[in-house]
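Notes follow the structure.
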Amino acid sequence: MTISEGSPLIVCFGEMLIDFVPDVAGLSLAESSGFLKAPGGAPANVAVAITKLGGKSAFVGK
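Mapping the sequence shown onto full-length UniProt numbering, position 41 (from 1) lands on 41, and the numbers just tick up by one.
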């Protein structure tokens, strides 16, 4: 899919969080011996997804 230059900017508002992901796939945080920290939070994830799909996005948060 190609987005034209006239596409609107989609602004996502909210909080950015840190997602804690188990360092071993398939285990819960309780079962895992460690975890990885990754940027996350629903509005930030949506802004990234829009950009990966070819859209224009921005994130506003505190």
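Beta carbons are placed, not taken as given, at the ideal position from N, Cα and C, and that holds for glycine. The structure presented is a predicted model; accordingly, all values stated were derived computationally and were not measured.
I'd like the list of long-range same chain contacts for residue i, defined as Cβ closer than 6 Å, with 5 residues on each side in sequence excluded.
{"i": "residue 61", "result": "14, 15 and 16"}
When DSSP builds the beta bridges, which residues end up paired with residue i?
{"i": "residue 22", "result": "35"}
{"i": "residue 58", "result": "11"}
{"i": "residue 6", "result": "DSSP lists no partner for residue 6."}
{"i": "residue 40", "result": "17"}
Using a threshold of 8 Å, state whether the C-beta atoms of residue i and residue j are closer than that.
{"i": "residue 54", "j": "residue 10", "result": "no"}
{"i": "residue 43", "j": "residue 12", "result": "yes"}
Using C-beta distances below 7 Å, list every residue in its chain close to residue i, excluding the 5 sequence neighbours before and after it, in chain order.
{"i": "residue 29", "result": "20, 22 and 35"}
{"i": "residue 71", "result": "In the structure as shown, the chain starts at 1 and stops at 62, and residue 71 therefore has no counterpart that could be examined."}
{"i": "residue 41", "result": "14, 15, 16 and 17"}
Segment contact, 8 Å Cβ cut-off, at least three pairs: the region 19–33 with the region 46–54: no
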